[in-house]
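K.L.:
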Amino acid sequence: MSLSPYAPIIGLFALAAAFSLFSVGAARFAGPHRYNKAKLEAYECGIEPSPQPVGGGRFPIKFYLTAMLFIVFDIEIIFLYPWAVSFDALPIFGFVEMVLFIVAVFVAYAYVWRRGGLDWD
Amino acid sequence: MTTSTVLAAAGDVSGGEEITFWILAPLALIGAIGMVAARNAVHSALWLVLTMLCLGVFYVLQAGPFIGMVQIIVYTGAIMMLFLFVLMLVGRDASDSLIETLRGQRVAAIVLGLGFAGLVGGALYRAMDGTTAVGLEQANAEGNVQGIARLLFTKYVFAFELTSALLITAAVGAMVLAHIERRKQDKVDQPSTMRARFAPGNYPGPKPGPGVFATSSSVATPARLPDGRLTERSTPDILPVRELTAQETSLKGTDQ
Amino acid sequence: MTELKLPSLDYAALAPILIMLGAALVGVLVEAFVPRRSRHVVQLTLALLAVLAALTMVVLNADDRLITAGQAISVDGPTLFLQGAILVLAAMALLLIGDRSVERGGAFVAQAAVTAESADDRRQAEGRNGLTEIYPLTTFAIGGMLIFVAANDLLTMFIALEVFSLPLYLLCALARRRRLLSQEAAMKYFLLGAYASAFFLFGVALIYGFTSGIPGRGAGVDFSTINAAVTESPTSPVLLFAGMALLAIGLLFKAAAAPFHVWTPDVYQGAPTPVTGFMAACTKVAAFGALLRVFHVAFAGAAWDFTPVLGAVAVLTMLVGAVLAVTQTDIKRLLAYSSIANAGYLLVGVLSPSRDGLSGTMFYLVAYGFSVLAAFAVVTLVRDADGEATHLSRWAGLGRRSPFYAGLFTFILLAFAGIPLTSGFTSKFAIFGPALDGGQAWLVIAGVLTSMVLAFPYLRVVVMMWLSEPGESTPTVTVPGGLTSAALMIGVLATLVLGVAPAPLLDLATGAADFVR
């Protein structure tokens with residue numbers, strides 16, 4: 864089986880890797896870093912905390928909301944995939960179907976946004 | 013892509029496919045065994061990611077690029093992330109107790125697991141032996157993803173649009189169950205906290221710790237103030253204050 | 284790739300469904316953009332108007348007999364009758380859900396994410412207004428039920444099942460009082476419901492595999508293909524039987540039939556009482572609507588094979604419901620077991636092959652829905668300082684303290700017991716008659732015997748209410764506001780009218796009792 868149809872995916876992987884390396888590197892070099900000894904101290908006094916955070920590193924429940932929103936849009940992307948692949952064969956109704964679907968999902972997004980689900984206080 | 017899918021459907025195994033299989037199949041198995049054997053729940057989840065990724069590649073090899081992508085994007089991406097989030101919500105140190113609560117559960121699980129493996133193996137053996145698969149070539153005639161698009165956007169368009177209702181319900185449900193909405197008046201800043209602390213009628217100092225007597229190690233035991241009274245400020249609000257017996261309140265006799 | 288064509292969509296026939304889903308979308312937007320103070324009124328009005336509009340469309344569509352949306356939705360007599368039933372019962376349930384006079388702020392918690400039993404929680408239980416997200420969720424659930432009874436292929440049916448189940452799982456977790464019990468109920472319902480959905484989905488896959496065996500016809504999960512496969516396919520029916528069993532597990536779970544009933548008492552007890560009423564009335568209609576369609580349209584050719592199995596399930600359900608109802612000490616659990624027993628009677632109706640059996644089942648669903656909603660409406664009224672007093676011992680002497688509501692509840696219980704001049708009698712008659720004609724005498728005998736057993740717990744409650752002296756702990760009956768009163772009165776009046784003059788509704792059901800294939 865020829866894997867040539869998957870060559871673009873390899874390209875995309877390379878692009879993603881390059882982007883993440885670039886982002887981390889750019890932050891390292893371009894960001895302001897004025898360290899001093901006091902800044903690197905964890906506390907003014909007392910023992911250094913061991914790497915283990917209190918409570919075994921439990922997340923607050925608000926992360927669950929983020930995870931759920933991510934899944935919602937992830938599943939939307941899965942439907943976009945066959946739609947994009949056969950976009951040429953789809954008449955105008957295909958476009959309308961997808962717009963309806965995306966609008967419906969964005970109703971949920973608007974709700975979460977307006978009710979402060981995305982605020983990080 | 014069309015030729016390759018038809019080739020795969022016809023059962024031809026090319027060299028590249030074989031090499032990929034023999035590399036990834038052991039990896040998938042290692043991931044599966046690692047998932048069961050790992051002591052840390054987060055490690056288990058990461059082993060599962062390995063298995064799922066391998067499965068995703070297998071699907072693509074088997075002329076199912078769509079299910080392969082679903083496997084990678086939805087399962088490895090979203091579902092596994094939710095697994096990890098849930099593990100972190102519970103706490104990654106929260107280890108399961110290994111004590112059996114149901115008698116004979118482990119034996120039953122092993123017997124049933126072996127039985128299930130036997131069933132699957134038997135079914136697979138019979139399916140490999142003489143059964144001819146039909147319908148894949150017709151379904152993939154225009155390409156796998158295109159075939160799915162054809163069904164999804166024509167015959168099952170109603171079901172497709174309906175899934176958006178599920179996604180909305182999921183988002184609303186997550187908000188309802190996990191989000192605490194703070195009203196403006198609930199958001200307190202530092203000056204108002206200080207003002208409330210030093211307001212008349214409020215004792216600004218730290219609360220006394222619970223009085224843990226030698227006879228009672230309960231945090232519901234109230235502490236004793238210097239003048240000998242018991243104070244309820246030392247016990248948590250949600251606990252009923254422990255009633256002390258005469259023996260517990262009396263002096264221990266160590267001061268004589 | 285050739286150009287794709289959109290299947291024809293009959294928007295008028297789909298209108299009830301589209302109205303409910305559209306209203307739910309607007310409801311979510313209302314949550315996002317309307318100020319908190321006016322949300323409750325806007326949402327309740329929106330939901331009720333949507334139900335009314337959908338009901339109007341159902342009435343206007345009354346003569347439709349068609350399959351639309353590419354074989355996905357069939358709009359025929361049973362669909363329209365059951366959609367109408369769901370909408371009427373849902374309107375009553377919405378009145379109960381929207382009531383804020385019986386308990387300050389309504390029966391729902393203000394912020395579900397606040398830790399249960401904490402100080403914050405006690406503060407918000409005292410009178411902060413309840414969540415208004417319940418309205419779009421309920422509207423979604425109603426929309427899903429409308430699709431569930433109209434679905435003409437198993438895939439659409441599965442998604443409809445999820446569309447109405449997910450909001451119900453959420454609604455169960457949102458009680459204002461006894462929140463731990465409520466959250467436990469939601470958790471149990473969700474986990475077991477997910478299992479049941481998985482069974483259903485596996486069944487769909489096996490059935491799809493089975494249909495590929497018909498010579499000269501493609502595989503599919505729409506009911507006409509399955510029907511053709513059942514009669515024509517030369518392949519071994521192992522896949523068919525396995526698929527049918529798995530599908531039945533998924534559907535019988537929603538219908539609360541034994542041995543898939545174990546969630547019912549806990550969930551009915553833990554959920555907020557208006558939601559319990561909604562589930563008892565509307566979910567039952569939806570689940571049995573789907574059972575009727577699957578077994579009368581898709582698997583009609585296999586009736587000889589599934590009747591004994593479903594018959595055994597029906598007998599077991601009646602026995603479990605009736606016998607365990609006798610031992611209950613909580614009124615909501617008692618009603619839960621009664622609802623399980625009623626699922627058994629309804630299964631008898633599903634197994635009658637005739638047109639009368641179908642119309643009898645549909646009549647029973649409506650009659651039972653009205654009575655059970657009225658019963659839960661009374662349960663919301665009997666309260667003390669800690670919320671509803673559901674323990675049966677607390678109901679002793681209630682007849683002396685407030686004879687009017689105790690009288691109404693007595694009437695509903697008598698209807699459940701099947702006393703003549705109530706809808707309970709006529710509906711049992713409508714189900715057992717066709718079953719006798721159809722040669723299912725064993726089911727009818729089991730039904731009559733268990734009805735007699737089941738009458739005992741009902742009458743025990745009646746005796747307790749009227750013949751005991753009210754004690755110190757006898758709770759008060761809150762005088763309800765307009766919404767709950769309206770729902771209660773509609774339920775009681777329907778129970779009476781359907782008992783005295785059942786003919787119009789029975790005629791309507793008989794006229795609607797043929798599936799389009």
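Protein chains in written order, with my numbering: chain A, 864 to 984; chain B, 13 to 268; chain C, 284 to 800.
Even glycine gets a Cβ: it sits at the ideal position worked out from N, Cα and C.
#1: Quick one: is D549/C buried, meaning 16 or more other Cβ sit within 10 Å of its Cβ, or exposed?
#2: Is any beta-carbon of chain C found at less than 9 angstroms from that of R897/A?
#3: With C-beta atoms as the reference, is L634/C less than 9 angstroms away from L726/C?
#4: Do we get a CB-CB distance below 9 angstroms when we pair A901/A with the residues of chain C?
#5: Rank L94/B, R254/B and T175/B by C-alpha distance to the C-alpha of F267/C and give the top, closest one.
#6: Would you say the region 687-704 of chain C touches the region 737-750 of chain C, given that touching needs at least three Cβ pairs under 8 angstroms?
#7: Between which two residues does the beta strand (DSSP E) carrying I356/C extend?
#8: Do G526/C and L489/C have their C-beta atoms closer together than 9 angstroms?
#9: Give a yes or no on whether the C-beta atoms belonging to T547/C and Y620/C are separated by under 9 angstroms.
#10: Output yes or no for whether 9 angstroms exceeds the beta carbon distance between V264/C and L363/C.
#11: Identify, in the order they occur along the chain, each residue of the same chain with its Cβ nearer than 7 angstroms to the Cβ of G640/C, setting aside the five sequence neighbours on each side.
#12: I want to verify the contact list: residues of chain A whose CB lies under 9 angstroms from the CB of I180/B, in sequence order.
#13: Using a beta-carbon distance below 9 angstroms, is A299/B in contact with chain C?
#14: Please report the residue range of the alpha helix (DSSP H) in which V736/C lies.
#15: Would you say the region 965-978 of chain A touches the region 179-193 of chain B, given that touching needs at least three Cβ pairs under 8 angstroms?
#16: Rounded to the nearest angstrom, what separates V200/B and Y927/A at their Cα positions?
#17: For the alpha helix (DSSP H) containing T778/C, list its first residue and its last residue.
#18: Taking contact to mean at least 3 C-beta pairs separated by less than 8 angstroms, is the region 554-564 of chain C in contact with the region 452-466 of chain C?
#19: Does the region 81-88 of chain B come close enough to the region 55-69 of chain B that 3 or more CB-CB pairs lie under 8 angstroms?
#20: Alpha carbon to alpha carbon, what distance is there between F936/A and V966/A?
#21: From which residue to which residue does the beta strand (DSSP E) around I192/B run?
#22: What are the boundary residues of the alpha helix (DSSP H) that includes V665/C?
#23: Comparing alpha-carbon positions, which option in Q611/C, V609/C, D613/C and K711/C lies nearest G627/C?
#24: Just the C-alpha distance for G43/B and V54/B, rounded to the nearest angstrom, thanks.
#25: Comparing C-alpha positions only, which one of L312/C, T793/C, V309/C and M303/C sits nearest to A333/C?
#26: What alpha helix (DSSP H) runs, 4 residues minimum, are completely inside the region 460-510 of chain C?
#27: Hey, could you find the ends of the beta strand (DSSP E) T600/C is sitting in?
#28: Would you call the region 387-407 of chain C in contact with the region 594-614 of chain C, where contact means no fewer than 3 C-beta pairs closer than 8 angstroms?
#29: From A477/C to F441/C, what distance separates their C-alpha atoms?
#30: For E467/C, which of L365/C, V736/C and Y551/C has the nearest alpha-carbon?
#31: What do you get for W587/C, buried or exposed, if any count of 16 or more other CB atoms within 10 angstroms of its CB means buried?
#32: Three-state secondary structure (DSSP) at F578/C?
#33: Look up L114/B in the DSSP assignment and say whether it is helix, strand or coil.
#34: For S176/B, which residues in chain A fall below 7 angstroms Cβ to Cβ?
#35: In three-state DSSP terms, what is A22/B?
#36: In the structure shown, what three-state DSSP assignment does H323/C receive?
P.N.:
For this structure:
#1: buried
#2: no
#3: yes
#4: no
#5: One cannot answer for residue 267/C here, as it falls past the ends of chain C, which runs 284 to 800.
#6: yes
#7: I356 to V358
#8: yes
#9: yes
#10: One cannot answer for residue 264/C here, as it falls past the ends of chain C, which runs 284 to 800.
#11: G632, P717, A718 and G721
#12: Result: V935, A967, V968, V970, A971 and Y974.
#13: The structure shown does not extend to residue 299/B, since chain B is modelled only from 13 to 268, so the question has no answer here.
#14: A724 to L750
#15: yes
#16: V200/B and Y927/A have their C-alpha atoms some 25 angstroms from each other.
#17: Counting along the chain, the unbroken alpha helix (DSSP H) around T778/C starts and ends at G765 to V783.
#18: yes
#19: Counting Cβ pairs under 8 angstroms, three or more are found: they touch.
#20: 12 angstroms
#21: Segment: none, I192/B is in no beta strand (DSSP E) and carries neither H nor E.
#22: V665/C -> not in any alpha helix (DSSP H); beta strand (DSSP E) instead, spanning V665 to D667.
#23: K711/C
#24: Their backbone Cα atoms lie some 13 angstroms apart in a straight line.
#25: When only C-alpha atoms are compared, the closest one is M303/C.
#26: 462-494
#27: Not the beta strand (DSSP E): T600/C falls in the alpha helix (DSSP H), residues A586 to V609.
#28: no
#29: 12 angstroms
#30: Y551/C
#31: exposed
#32: helix
#33: coil
#34: F964, A967 and V968
#35: Note that A22/B has pLDDT 49, beneath the 50 cutoff, so the model's placement of it is unreliable and no number is given.
#36: helix
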